[in-house]
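Residue numbers (the numbering used here): 834 to 1135.
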């Protein structure tokens, strides 16, 4: 097999894996969803799995039970490592089998591993001979040209996706910071109201007794003290009002900033979030939950 065949087969099986994922999603959910991690029509994990099976396990093609068993191990290892690496890079879990029996860290489960084993046997015995035959008939120049063109598209998609993911993580961090500041201001607003009421109550209680005594003993001094008392009460109320207004202005600014950023993420990352509805992130899960919830409901407002 020519060297470029390996790359071409990888791209072909990445595309067929994407077709399988989209078809499965269409049957399960009744609508077409681009289930790939990348933006284009390919799922690299399928391409990598196919190449591993074809190059490592082709000697076992005449022993179907052994081929199946080895395929279950190889594909499960690949899926586990892919999920583990993505979790380490982005601190994000893209799929989770924790709710299924006989799973390992949620990355793989027995049910899916058996399915990959069956698919692998079908790949070696049926699908690959059908695909490889016409590829071998291609003139080398045509095969190289097609492989080069597809590789450029694939690599470009990978770069764009990495940049998109880095940007998404940065945006989620910004959302969380804005939300944290809004919670802080909300708490401060509550504290301001409570403190203002408490201080005013204490001030009145302290001065009421003194004013009553003055009213009976020194009416002139009483009038002076009453005026000072009213001025202090009004000054305190104005101070509290300014604090409330300042916090309310900042709160409105943050709400608008949050709304705009939330809407940008929801619309620009809609495809990725729809493809992985069970995505989990240890740091920003609350924001992801809110995004996926809005996407499911089709809300336009935050």
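Ideal Cβ positions, reconstructed from N, Cα and C, are used throughout, including at glycine.
- Annotation for residue 942: 930, 933, 934, 935 and 936 place their beta carbon closer than 8 Å to its own, counting only its chain and skipping 5 residues before and after.
- It is roughly 27 Å from the alpha-carbon of residue 1112 to the alpha-carbon of residue 884.
- Around the Cβ of residue 888, a 10 Å sphere holds fewer than 16 other Cβ atoms; the residue is exposed.
- Residue environment: residue 1119 is assigned as exposed (fewer than 16 neighbouring CB atoms within 10 Å of its CB, all protein chains considered).
- Residue 837 and residue 992 have their C-alpha atoms spaced approximately 22 Å apart.
- Straight through space, the alpha carbons of residue 1124 and residue 866 are spaced by roughly 17 Å.
- Here the region 961-976 makes no contact with the region 903-912; the two share fewer than three CB pairs at distances below 8 Å.
- For residue 937, the beta-bridge partners assigned by DSSP are 941.
- Contact between the region 942-961 and the region 888-900 is present, with at least three C-beta pairs closer than 8 Å.
- For residue 927, there is no enclosing alpha helix (DSSP H), as DSSP marks it with neither H nor E.
- Residue 1115 and residue 924 have their C-alpha atoms some 7 Å from each other.
- A buried status is given to residue 843, since no fewer than 16 other beta-carbon atoms sit within 10 Å of its beta-carbon.
- The region 841-928 is shown to contain whole alpha helix (DSSP H) runs of 4 or more residues at 877-889 and 897-923, in chain order.
- DSSP, reduced to helix, strand and coil, places residue 1116 outside both helices and strands of the structure shown, so it counts as coil.
- Using a 10 angstroms sphere on the CB of residue 863, the tally of other CB atoms stays under 16, which defines it as exposed.
- Annotated as distal: residue 1006 and residue 1091, with beta-carbon spacing of 8 Å or more.
- Here residue 1093 is exposed, its C-beta having fewer than 16 other C-beta atoms within 10 Å.
- In this structure, residue 1109 keeps its C-beta atom at 8 Å or more from the C-beta atom of residue 875.
- Note on geometry: alpha-carbon atoms of residue 1012 and residue 939 lie some 30 Å from one another.
- Here residue 1087 has 1011, 1014, 1015 and 1018 as same chain residues with Cβ atoms under 8 Å from its own Cβ, once five neighbours each way along the sequence are excluded.
- Annotation: the continuous alpha helix (DSSP H) that includes residue 963 extends over 961-970.
- At a Cβ-Cβ threshold of 8 Å, residue 870 and residue 994 count as neighbours.
- The DSSP-derived three-state label of residue 1109 is coil.
- Under the three-state reduction of DSSP, residue 931 is assigned to coil, being neither helix nor strand.
- Per DSSP, reduced to three states, the secondary structure at residue 1092 is helical.
- By the neighbour-count criterion, in which 16 or more other beta carbons inside 10 Å mark a residue as buried, residue 962 falls on the exposed side.
- For a cut-off of 8 Å, the C-beta gap from residue 846 to residue 873 is around 14 Å, too long to register as a contact.
- In this structure, the beta-carbon distance from residue 849 to residue 980 does not fall below 8 Å.
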